Amino acid sequence: MKHRGRHRRRKQGRAARAFLAGTALALTAAATMISASQATDGDDPGALTPLTRAAEARALRLQEQPVPQATLDELASGMGKPVGVRAVLESADRSMRDLAGCTADERTALPVAPAATRAYCWDAADTRAWRAGAVTTSGDADDDGWWSDNRVILSGWSQGTAGRGLARVAFVDANDPDHLRYTSALLVVPVDGGRNYRALTSRLSGMVWYQDKLLVTAADGLYVYDMDRVQRTTVDSAAVGRVGQGWSAHGYRFVLPAVGSYRLSGGSAAPRLGGISLDRSTTPDSLVASERTPAGSDRPARLWRYDFDTDPARTGLPAIDATGSAHPVEVYETEASGIEGVLSHRATGTARSEWYLSRAPGATDRHGSLWRQDTDGAEATRCGSQGAPRCWGMRAGPLSYWEATGEVWSQSGRTLFAVPLASIDRALG
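And the structure:
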């Protein structure tokens, strides 16, 4: 079923204008203190290098592994009829604090330049021991920015270690920009033919909500969730899975069971998946990805993209060939390391895409950096009297472009924020 048309809503004259508007937020004095040691351009990643050899593309091929329909049906038979996004939002019982309610440390986590135009902070008790890892919005899901009658932000979180952790998604009701409310669903994977499920135990590093699918990058691949297949739990306990005659999800009222996954087929040559995002400026729309490398690494990282499928029977999924493989349609190498978030966008009337990379702070840095890179070179957002490049959030964080509003959404620790893409471009030096 094709959801983009079904969920498209008239947006002229609606509250979207209020959501767009937003005055630049004042930052604390601590956030503007940039040390002289940060004024170096030593981390300039330079120009992107196109990779065109067939072997380089093969290492980035994704092999699709759908969960059998019988497994999903068995799970729904045991748990009850699946629900959608609306039902989750109607249960939102947690409130986010606006900037005035954020602590000094949370304000300091925001970018120095450009300034955020929206900023919200999570409940400290709700995020203790959890690590923020990904952001996507209904601006990805549908190009008008609405999912049915709602504007939604999704924020991914992880806790624990690989193989022994948990992953969840906070569903944020963003219809009223002055009062954001949320609730969370645990990400799980069906097992035993749908008679049970296990937790997704990998750290989340990226998310894209495209049409009716949520794509999530984790340590062992790319997982796919169907936004119309949210399941309600029936038991409030720390367990994850079937409990007697009921279903538990570590205390959460909802679970999202995976409907499929993708694995990179390049073996030892395959990169470690990092950030992902949606690019609507290509034809067809595309999924862009970055390679995760440590901050300060001397090894080049790769950036690449896959086309989304235009078949109405495959909404929200990458295009595949007859063998079930999704092939990259564009691959680059960058000298940037410590990439936390990636965006690609092609301005109207131009033939070449610009790549935006948020990078983690170095060992001696206070803030991360944000670079725009193409095959001619790289520029960073700059701040302070010396024009230092370390101006982005303290936790660097993911990047998600809400096309209908022109805003880039990201997250730095417990602080969720938005910055207009136009402001980012103006801050480049």
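If you read the sequence shown in numbering that gives the first Met the number 0, its first letter stands for residue 0, the second for the next number, and so on.
Cβ coordinates follow ideal geometry from the N, Cα and C atoms, glycine included.
Remember, predicted model here, so these are calculated numbers, not experimental data.
Exposed unless 16 or more other CB atoms sit within 10 angstroms - verdict on residue i
i, result
"Lys80", "exposed"
"Thr136", "buried"
"Gln244", "exposed"
"Glu63", "buried"
"Pro311", "exposed"
"Ala128", "exposed"
"Pro397", "buried"
"Ala103", "exposed"
"Ser409", "buried"
"Thr349", "exposed"
"Asp42", "buried"
"Ala25", "For Ala25, the pLDDT reaches just 44, beneath the cut-off of 50, and the residue's location in the model is therefore unreliable, although a value from the coordinates is still provided. Counting Cβ neighbours within 10 Å, Ala25 comes out exposed, since fewer than 16 surround it."
"Glu339", "buried"
"Ser399", "buried"
"Asp148", "exposed"
"Arg394", "buried"
"Ser76", "exposed"
"Thr347", "exposed"
"Thr282", "exposed"
Within-8 Å CB hit, residue i to chain B
i, result
"Thr48", "Reference to chain B is not applicable here, since this structure consists of a single protein chain."
CB of residue i within 8 Å of CB of residue j, strictly
i, j, result
"Ala495", "His249", "Shown here, the chain extends from 0 to 428; a query on residue 495 therefore has no answer."
"Gly273", "Gly367", "no"
"Gly265", "Leu50", "no"
"Ala403", "Gly138", "yes"
"Pro44", "Ala288", "no"
"Ser260", "Leu302", "no"
"Met78", "Arg304", "no"
"Ser280", "Ser352", "yes"
"Ala173", "Val151", "yes"
"Ala184", "Val254", "yes"
"Ser285", "Leu342", "no"
"Trp208", "Ala131", "no"
"Gly431", "Leu109", "Because the chain spans 0 through 428 in this model, residue 431 falls outside it and cannot be assessed."
"Arg202", "Val188", "no"
"Trp246", "Val234", "yes"
"Cys101", "Ala123", "no"
Sequence-distant residues of the same chain with beta carbon closer than 6 Å to residue i, five excluded per side
i, result
"Asp308", "Leu316, Ala318"
"Glu406", "Ala417, Pro419"
"Arg413", "Glu105, Cys120, Trp121, Thr126"
"Pro270", "Glu290, Arg301"
"Arg345", "Ser280, Ser352"
"Arg262", "Gln62, Gly220"
"Asp278", "Ser285, Val287, Ser343"
"Gly337", "Ala294, Arg358, Ala359"
"Ala379", "Ser368, Trp370, Pro388"
"Asp424", "none"
"Thr216", "Ser204, Gly205, Leu272, Ile275"
"Leu415", "Tyr119"
Cβ shell of residue i (< 8 Å), same chain only, five flanking positions each side left out
i, result
"Ala46", "Gln372, Asp373, Thr374, Asp375, Gly376, Ala377"
"Arg381", "Ala112, Ala387, Pro388, Cys390, Ala426, Leu427, Gly428"
"Gly144", "Lys10, Ala15, Thr136, Ser137, Gly138, Arg150, Trp401, Glu402, Ala403, Thr404"
"Thr200", "Gly159, Ala161, Gly162, Arg163, Gly164, Leu165, Ala166"
"Ala99", "none"
"Val87", "Phe170, Thr182, Ala184, Val229, Phe253"
"Thr70", "Pro189, Gly192, Gly193"
Contact set for residue i: own chain, Cβ-Cβ below 7 Å, skip 5 residues either direction
i, result
"Asn195", "Gly240, Arg241"
"Ala56", "His326, Pro327, Val330"
"Asp227", "Pro81, Gly83, Asp211"
"Tyr251", "Arg167, Ser183, Ala184, Leu185, Thr232"
"Glu73", "Gly192, Gly193, Arg194"
"Arg298", "Thr292"
"Trp146", "His6, Val84, Ser137, Ala140"
"Ser267", "none"
"Ser90", "Thr182, Arg252"
"Thr48", "Tyr331, Glu332"
"Val66", "Pro189, Ala257, Val258, Gly259"
Please confirm if the region 279-294 is in contact with the region 354-364, defined as three or more CB-CB distances below 8 Å between the two stretches. In short, these stretches touch, since the Cβ pair count reaches three.
Is the region 320-338 touching the region 383-390, taking contact as three or more C-beta pairs under 8 Å? no
For the region 86-97 against the region 174-193, are there 3 or more C-beta pairs whose distance is under 8 Å? Output reads yes: the region 174-193 touches the region 86-97.
Threshold first: 3 residues or longer. Then list the beta strand (DSSP E) segments lying entirely within the region 148-215, N to C. The region 148-215 contains these whole beta strand (DSSP E) runs: 151-158, 165-172, 180-190, 195-198, 205-209.
4 or more residues per run - each alpha helix (DSSP H) lying fully within the region 92-132: 103-107, 123-126
Residue ranges of each beta strand (DSSP E) within the region 232-293, 3 or longer: 239-242, 245-248, 253-263, 272-278, 285-290
My parser needs the beta strand (DSSP E) runs of 3 or more residues fully inside the region 361-394; what are they? 368-373, 376-379
Ignoring anything shorter than 3 residues, give me the beta strand (DSSP E) runs that lie fully in the region 329-361, in order along the chain. 329-333, 338-344, 353-358
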